[in-house]
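Residue numbers (my numbering), protein chains in the order written: chain A, 1 to 489; chain B, 1001 to 1532. See structure below.
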């Protein structure tokens, strides 16, 4: 990146709310990527003549949860407005949204970037309804479009930041931080592939020191964090290159081509669209009682950022170690439960085991910590055995893999498979001398000064015991016997 | 007197006592329809015939078979000792702006001509659950956009039963014409600027616009959503009371419907007017409008016969013990129409967006090149002149660069009009009125085609009714005599929020006190003709 430019980025995030029913009618909220088209449709969400919307209180509650978690100022009275435009995925020809008087404003979210902590200001949080989905079909030269209204009317939360982000890394950190908050609150699954969380960066660049913001472009259809980060990086470079070559950035919406890894123009927006907003006459102002707000505030779970701070302080974890754990509430819970169940195991060990071996197994299997058979009880049992030297690290990994498959306890697995660690000093001394006897050439080389061979000899001992020997005892004994050999020479 | 000329209250009472069956009442009413209504409004008719000019043409769809099934059900339940409800066997019509499951719900527009609703509007459902028998759907101005019924796409459009050369008023003209002609004792109408009260005045029936939110709008095809009120059309105050009691009340499907408890309207009906303070305002005795050529504001006194009837009504009430307060200022009355022009059109344009040929209703049969072409052709062919005018104006005044100048300003005017009413009804204020008595309309009915086409002038027929819609307060129009042409004159009582009971009480007192007057013995021409 050309260092004389500063990227300025704000994000607009649309998060569907995981309520049982839609925003303004009783239709169920389905997984629209899987459901048969038009399964959850009624006269209200199909925009039939004469229908009226009825506000889903659960959606308001979820929205308040998010707004409070983002430290927003809540408006006790907010107003729904109509955003008017024509498109077949919008059955009424207007979207019920909020405009001048949103539910919440002026919040902030602290996020953890690779360069440290950063506060990102939130401009507004408002409630609206999602649109349906169009599928364009080309069949024997005849083009037509299919309308699926399953998604039409699903509660949608729009979260808009101030233009506080200045790098693709910050963009990603904020997006991941926000996703994490939404998941902690249980209001959104965070699944970008399914489109329930949609992130649109508004990107501009300006010369360092310039006050005035550059012309911005808005990036759409990003379905992963990686795409978000790369699209932001690409767009920044593109704009800088354009300006450097004497060109001008045109205000536009761009799409991200994930295959070619480039952005492409979707629509120029030289003038602001006029949606002819006006207050929705079919709904009274949305009034949220102070007492309700306070009740929701009290019921909020500990959020990722404070938890991240606490885990570092309480368990002596490093910043990155803690960050990995708090990203998912279930992981952090798993960590803390395990620590409680195995107080003799150092907390950092627990953290390392989770982010190392356990995550490895989860990634391979595609499971999440909630769906695996490994409970904090089982996990604590395993780590306790390692801690007390009953099994060594390598054996523990084998046991963990089996535990992951079967859900059996470490004790059962170790006993059944005879995996108990060999810690008997006589036995280990015998094993070491056996290896030295069987490998005279290597021993000789070692004695001639190729000291690196000690590790190879150690490996031979471990192999002989199928990894069950207590490694520190083996190392100790090997050291001793080699020293004896070198002095008796 | 025939069964179809009985009041709803009389019919329900006879049916309950099983002196007549619901089916007999229904057949008598269907017979009346066949005698006075002529051919129903339909698409594709360019010219009306001289023969058409003799009939009322209230209906778009007569649902006789559906009604017979329901009437028989009411009779069966009565035979089994059940009470079908307060409207047992009462035939009623529904303005075709309400959806009724399984019946065409057209809004008087080509764009919805083929639309059969999958659900039923709450007020209709409540009337049916109370034992009422829906005869069918009656004609209206297209999407309720008008004050004469002439803008309907369904032709012949309704005519005034008192003299079919005249309009019935609108937009609930089908409703008021049907009730006046004995085609159903009740009708469910809607009032956005006077659309129940103005045609009620023109047709010599009782029409009430309840407080905004008193009756659910669920299933009412929206015009100006912040102004639309469903309400009763009846021949007597008692019948309007009966109907309002059935349709009023909170509906979980309509968040703008209120939780304020519904009082027992009937219990206060006979309480009289002694001690009630009833106001008269000079601001309701003239109309002010913009000259379309010069842009000048023109002020005109209202029709002297209408004014005289209003004054006579005040005298009658005074003689019954009411206190008449003269010279009540309602200074923002004449801003009602301009503000209404803006607000209603912004809402209407948005409410019409959904008619796009994609999901239901009319879709152009022509080849279309793309989505925009589909919209243009469908809407261009499906909408009549009035919706198009309203879309154009609504889009214009709500555009970002004009919204402040028009829409936001109109909302401020609306608050001022509301304040006029709050001032006069304030129980601790200077006026402390129980009701304001006004003429309903500046004139009696005009002839067919006299005003139609001048959408500005047409709107001024609503100048005295629209303030109540802005303010959300209730109003009722009552017959108060006939002019020298034999056309009905209407007077209006306006009240504070939820003061329906007071308005009905005053209306009933006035009605009872004038029962003996000569004009009350006269019948609409189309009915009188039958006796000859």
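Ideal Cβ positions, reconstructed from N, Cα and C, are used throughout, including at glycine.
List the residues of chain B that residue i touches, going by C-beta distances under 9 angstroms, in chain order.
i: residue 41 (chain A); result: Ordered by position in chain B, no residue passes the 9 angstroms Cβ test against residue 41 (chain A), which lies about 10 angstroms from the chain.
i: residue 102 (chain A); result: Near residue 102 (chain A) there are no residues of chain B at all, since even the closest Cβ is about 18 angstroms away, more than 9 angstroms.
Name the DSSP beta bridge partners of residue i, please?
i: residue 113 (chain A); result: A:116
i: residue 442 (chain A); result: DSSP output for residue 442 (chain A) lists no bridge partner at all.
i: residue 263 (chain A); result: A:256
i: residue 219 (chain A); result: A:254
i: residue 129 (chain A); result: A:155
i: residue 1497 (chain B); result: According to DSSP, which records beta bridges pairwise, residue 1497 (chain B) is partnered with nothing at all.
i: residue 14 (chain A); result: A:158 and A:198
i: residue 1004 (chain B); result: None, per the DSSP bridge assignment.
i: residue 1234 (chain B); result: B:1186 and B:1206
i: residue 291 (chain A); result: Bridge partners of residue 291 (chain A): none, in fact.
Measuring only the C-alpha atoms, how far is residue i from residue j?
i: residue 1008 (chain B); j: residue 1363 (chain B); result: 41 angstroms
i: residue 196 (chain A); j: residue 46 (chain A); result: 20 angstroms
i: residue 193 (chain A); j: residue 30 (chain A); result: 15 angstroms
i: residue 1358 (chain B); j: residue 1111 (chain B); result: 12 angstroms
i: residue 1312 (chain B); j: residue 1282 (chain B); result: 15 angstroms
i: residue 1338 (chain B); j: residue 1284 (chain B); result: 16 angstroms
i: residue 400 (chain A); j: residue 358 (chain A); result: 8 angstroms
i: residue 1092 (chain B); j: residue 1279 (chain B); result: 34 angstroms
i: residue 91 (chain A); j: residue 1349 (chain B); result: 15 angstroms
i: residue 1104 (chain B); j: residue 1487 (chain B); result: 33 angstroms
i: residue 229 (chain A); j: residue 238 (chain A); result: 14 angstroms
i: residue 1210 (chain B); j: residue 1107 (chain B); result: 21 angstroms
i: residue 1376 (chain B); j: residue 1213 (chain B); result: 35 angstroms
Give the range of the beta strand (DSSP E) segment to which residue i is assigned.
i: residue 1288 (chain B); result: 1286 to 1290
i: residue 1390 (chain B); result: No beta strand (DSSP E) contains residue 1390 (chain B), which is instead part of the alpha helix (DSSP H) from 1385 to 1398.
i: residue 166 (chain A); result: It is not in any beta strand (DSSP E) - residue 166 (chain A) carries neither H nor E in the DSSP assignment.
i: residue 1092 (chain B); result: 1091 to 1095
i: residue 1061 (chain B); result: 1059 to 1062
i: residue 192 (chain A); result: Unbroken run through residue 192 (chain A): none, as it is neither H nor E.
i: residue 95 (chain A); result: 94 to 98
List the residues of chain B whose Cβ lies closer than 7 angstroms to the Cβ of residue i, in chain order.
i: residue 274 (chain A); result: 1399 and 1400
i: residue 92 (chain A); result: 1353 and 1354
i: residue 60 (chain A); result: Correct list: empty, because the minimum Cβ distance to chain B is about 12 angstroms.
i: residue 82 (chain A); result: 1350
With a threshold of 16 other CB atoms inside 10 Å of the CB of residue i, please say whether the residue is buried or exposed.
i: residue 1441 (chain B); result: buried
i: residue 142 (chain A); result: exposed
i: residue 261 (chain A); result: exposed
i: residue 344 (chain A); result: exposed
i: residue 241 (chain A); result: exposed
i: residue 11 (chain A); result: buried
i: residue 1259 (chain B); result: exposed
i: residue 1408 (chain B); result: exposed
i: residue 1516 (chain B); result: exposed
i: residue 1491 (chain B); result: buried
i: residue 470 (chain A); result: buried
i: residue 1296 (chain B); result: exposed
i: residue 340 (chain A); result: exposed
i: residue 415 (chain A); result: exposed
i: residue 83 (chain A); result: buried
i: residue 1183 (chain B); result: buried
By the criterion of Cβ-Cβ separation under 8 angstroms, what are the contact partners of residue i in chain B?
i: residue 278 (chain A); result: 1346, 1347, 1350, 1398, 1403 and 1407
i: residue 35 (chain A); result: Those do not exist, as residue 35 (chain A) stays about 19 angstroms from chain B at its closest Cβ, beyond 8 angstroms.
Name, please, each residue of chain A whose Cβ falls closer than 9 angstroms to the Cβ of residue i.
i: residue 1256 (chain B); result: 52, 281, 282, 283 and 284
i: residue 1253 (chain B); result: 44, 51, 52 and 54
i: residue 1359 (chain B); result: 46, 47, 48, 88, 91, 147 and 149
What span of residues does the alpha helix (DSSP H) with residue i cover, start to end?
i: residue 1174 (chain B); result: 1173 to 1180
i: residue 1337 (chain B); result: 1336 to 1351
I want to verify the contact list: residues of chain D whose CB lies under 8 angstroms from the CB of residue i, in sequence order.
i: residue 1395 (chain B); result: Structure shown: chain D not included; protein chains present are A and B.
Identify the contact partners of residue i in chain A, using a Cβ-Cβ distance below 7 angstroms as the criterion.
i: residue 1219 (chain B); result: 50
Chain A partners of residue i, CB-CB under 8 angstroms?
i: residue 1339 (chain B); result: The premise fails here: residue 1339 (chain B) is roughly 14 angstroms from chain A at the closest Cβ pair, so nothing lies under 8 angstroms.
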